[in-house]
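Heads up, the thing below is written out as structure tokens.
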Amino acid sequence: MAFLDIKNITKRFDKQTALNNVSVSIRKGEFVCILGPSGCGKTTLLRIIAGLEPANNGRVFIDGKEATFLPAAKRNFGIVFQSYALFPNMTVMENILFGLQQRKEFSKDQRLDKAFNALRLVDLFEHRNKYPRELSGGMQQRTALARAIALSPAFLLLDEPLSALDAKVRQKLRREIRAIQQSLGITTIMVTHDQEEALTMADRIIVMNNAVVEQIGTPREIYDHPATPFVASFIGTMNFYRSGGETCAIRPENVEITGRQDVYDFKARVRTLEFKGPMTRVYGTLPDTSEICMDIPSERMAELSLNENGFVFLRMPPDSITKYAGAAAI
Ligand SMILES: Nc1ncnc2c1ncn2[C@@H]1O[C@H](COP(=O)(O)OP(=O)(O)OP(=O)(O)O)[C@@H](O)[C@H]1O
Ligand SMILES: [Mg+2]
Numbered sequence: 000m001a002f003l004d005i006k007n008i009t010k011r012f013d014k015q016t017a018l019n020n021v022s023v024s025i026r027k028g029e030f031v032c033i034l035g036p037s038g039c040g041k042t043t044l045l046r047i048i049a050g051l052e053p054a055n056n057g058r059v060f061i062d063g064k065e066a067t068f069l070p071a072a073k074r075n076f077g078i079v080f081q082s083y084a085l086f087p088n089m090t091v092m093e094n095i096l097f098g099l100q101q102r103k104e105f106s107k108d109q110r111l112d113k114a115f116n117a118l119r120l121v122d123l124f125e126h127r128n129k130y131p132r133e134l135s136g137g138m139q140q141r142t143a144l145a146r147a148i149a150l151s152p153a154f155l156l157l158d159e160p161l162s163a164l165d166a167k168v169r170q171k172l173r174r175e176i177r178a179i180q181q182s183l184g185i186t187t188i189m190v191t192h193d194q195e196e197a198l199t200m201a202d203r204i205i206v207m208n209n210a211v212v213e214q215i216g217t218p219r220e221i222y223d224h225p226a227t228p229f230v231a232s233f234i235g236t237m238n239f240y241r242s243g244g245e246t247c248a249i250r251p252e253n254v255e256i257t258g259r260q261d262v263y264d265f266k267a268r269v270r271t272l273e274f275k276g277p278m279t280r281v282y283g284t285l286p287d288t289s290e291i292c293m294d295i296p297s298e299r300m301a302e303l304s305l306n307e308n309g310f311v312f313l314r315m316p317p318d319s320i321t322k323y324a325g326a327a328a329i
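So for the sequence shown, numbering that gives the first Met the number 0 puts the first residue at 0; every next one is plus one.
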């Protein structure tokens, strides 16, 4: 049974439709990423799940119970936003205790215990008496995470928690957040517009565009079998070409350069070669002038001895092609 069930949610702001009949089911313990371009409705969906925003239509169920009109305070979630939103005049410890103070059912010792546990989980115990300005961006975001999990919420909502951090810190925190999420087994929804983040962290990805869900699936399913041309072009690199009234899509790593000049699908002109370490990206032009790129293992490049402006014979293995009806707008 789904732990979070979002059914046919529509949300309008004046004339702007932010969510158009969105339905999503999330299982207990799952880590789900909402991925999509700016303005597609990711934050709005998260806020409706949190109860911070009412929907115009549709229903929300939490743990099997209708929660459509349940106030945010009764939904039992922890939340982390893009900007750290820590209290600057409070230490790390005080920031984490702040939310706990409202919970009168816990004794003072219990509240301290919970704060210490959360601090250890995010590895900030040693830094608990520092103020936010004395912390790096990553540490501030870990404090926000500790504050969100200190109350042992039933689920966790993260809205682009890593986007303000530099690439290296972001990668480290990805692994840490995932490890914490797994050790707690906590159902988590994270908004991101970074496809690599979604692919590496999520059990399942919800791909959104223009207020609708385009596809829900595991990273592998979304990468290997993109349901729509939008998903195909938004995630990873994809080549598109037309064939017999259909639009065909194939990843650069699946295009084969064949030595055989009798069995091939296309003859392409090589334009540029880009050495990328383990593989080389070859850019070329198909006979219909559409562009194609191929990722060729660098050791194979040595055998091929390609030249810019030379010709190559390409094979598109049928299993690697995804087809879309008609001349899809890409
Ligand atoms: N409070 C609001 N008032 C009016 N329009 C809003 C409001 N909040 C969101 N919108 C509009 O709804 C649409 C979806 O916004 P939302 O914030 O959910 O997008 P997003 O996917 O989170 O984008 P981003 O990646 O930039 O954060 C946008 O067109 C936005 O302008
Ligand atoms: Mg947003």
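Glycine included, C-beta positions come from ideal geometry on N, C-alpha and C.
Considering only heavy atoms of ligand 2, does any lie closer than 7 Å to the CB of residue i?
i	result
T42	yes
V21	no
D158	yes
V269	no
V190	yes
Under 7 Å from any heavy atom of ligand 1, does the C-beta of residue i make it?
i	result
C32	no
F12	yes
C247	no
C292	no
S37	yes
Q140	no
S194	One detail in the question is off: residue 194 reads as Gln in this sequence, not Ser. Q194 Cβ: outside cutoff for every heavy atom of ligand 1.
Q100	no
A17	yes
What's the call for residue i, buried or exposed, on a 16-neighbour Cβ count within 10 Å?
i	result
R299	exposed
E159	buried
R141	buried
P317	exposed
A178	exposed
N94	buried
N128	exposed
R173	buried
S259	According to the sequence as given, residue 259 is Arg; it is not Ser. It counts as exposed.
G244	exposed
N40	Per the sequence presented here, residue 40 reads as Gly, with Asn not at that position. G40 comes out buried.
D13	exposed
T246	buried
D122	exposed
E133	exposed
R250	buried
D261	exposed
G283	buried
N238	buried
R110	buried
What whole-angstrom Cβ distance do residue i and residue j have, given they're in contact under 8 Å?
i	j	result
I148	G77	5 Å
F233	R268	Their Cβ separation, rounded to whole angstroms, is 28 Å, which puts F233 and R268 out of contact at 8 Å.
T187	F2	About 11 Å; that fails the 8 Å criterion.
M0	G63	6 Å
L198	P131	Actually they are not in contact, since the Cβ atoms of L198 and P131 sit about 31 Å apart, beyond 8 Å.
L34	H192	7 Å
E118	A145	The sequence given here places Leu at residue 118; Glu does not occur at that position. So it is a contact: roughly 6 Å between Cβ atoms.
I47	K73	15 Å between Cβ atoms; not a contact.
Any idea which residues DSSP pairs residue i with across the strands?
i	result
Q15	F12
P296	M278
F310	R268
D4	S24, F60
G283	V269, I291
G216	I204
F239	A248
T227	DSSP output for T227 lists no bridge partner at all.
Y263	DSSP, once it has assigned bridges, lists no residue as partnering Y263.
E255	R314
For residue i, decide whether its Cβ has a neighbour in chain C, counting only Cβ atoms nearer than 8 Å.
i	result
L272	In summary, chain C is missing from the structure at hand, where a single protein chain is found.
*Counting only runs of 4+ residues fully inside the region 174–213, write out the alpha helix (DSSP H) ranges in chain order.*
194–200
*Uninterrupted alpha helix (DSSP H) stretches inside the region 29–93 (no shorter than 4 residues)*: 41–49
*Counting only runs of 3+ residues fully inside the region 92–171, write out the beta strand (DSSP E) ranges in chain order.*
154–158
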